[in-house]
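J.: Sharing a structure with you now.
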Amino acid sequence: MNIVITLPQTLIKAILEGDKAVEVRSTIPRFFEPENDRVFVVTKGTKKVTMDFQVTQFERVIDKDACYRKYGAKMGVPYVWWKEYTRDKRKIYLWHIGDVNKLIKPLLLDDDLGVTVPPQSFVYIISPKYS
């Protein structure tokens with residue numbers, strides 16, 4: 167099942183430019199199939215979806231420091247953010263980003279995806295209505 171996540175414009179830009187190849191999350195969607203499903207990204211503070219991507223794999227983080235040494239340059243977040251975000255979390259997952267698609271015409275969160283509020287973590291959607 168496809169999902170929608172919310173990211174700030176700076177991270178969306180980093181994904182589109184190939185500078186961010188790993189998304190850091192504390193959960194993974196249970197009903198998401200990386201080989202078939204897409205992640206639609208709504209720009210934080212708006213209801214516009216300007217891109218989507220495929221997750222090539224989910225990776226559970228075991229050693230937080232080693233993880234940042236290995237992937238820090240591809241996370242799009244500074245080490246200070248990483249330490250604060252991961253400090254109290256028992257589970258951290260990396261979503262490896264692939265097949266990035268910039269939408270020529272942005273989708274509207276509510277009209278095209280049927281989601282009324284931008285998600286805090288993620289929300290499942292059946293299929294976007296492309297016009």
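In the numbering used here, the protein residues as written are 167 to 297. Think of the CB as a built atom: it goes at the ideal place given N, C-alpha and C, for glycine as much as any other residue. Keep in mind it's a predicted model, so treat the numbers as computed, not measured.
1. Quick one: grab the DSSP three-state call for Ile258.
2. Quick one: residues in its chain with C-beta nearer than 7 Å to the C-beta of Leu182, no 5 flanking neighbours on either side, listed in chain order?
3. Three or more C-beta pairs closer than 8 Å, one from the segment 233-249 and one from the segment 204-223: is that the case here?
4. Alpha carbon to alpha carbon, how far is Gln175 from Lys240?
5. Considering only residues of the same chain and omitting the five flanking positions on each side of Ile270, which have a CB-CB separation below 8 Å?
6. Return the bridge partner residues of Phe197 from the DSSP annotation.
7. Quick one: using the 10 Å Cβ neighbour count with 16 as the cut-off for buried, is Pro244 buried or exposed?
8. Using only alpha-carbon positions, find the residue among Val281, Trp261 and Ile292 that is nearest to Lys186.
T.: In short, the structure shows the following:
1. coil
2. The residues Met217, Val266 and Lys268, in chain order, have a CB closer than 7 Å to that of Leu182 in the same chain once the five nearest residues on each side in sequence are set aside.
3. no
4. 16 Å
5. For Ile270, where only same-chain residues beyond five positions count, there are no Cβ hits under 8 Å.
6. According to DSSP, which records beta bridges pairwise, Phe197 is partnered with nothing at all.
7. exposed
8. Trp261
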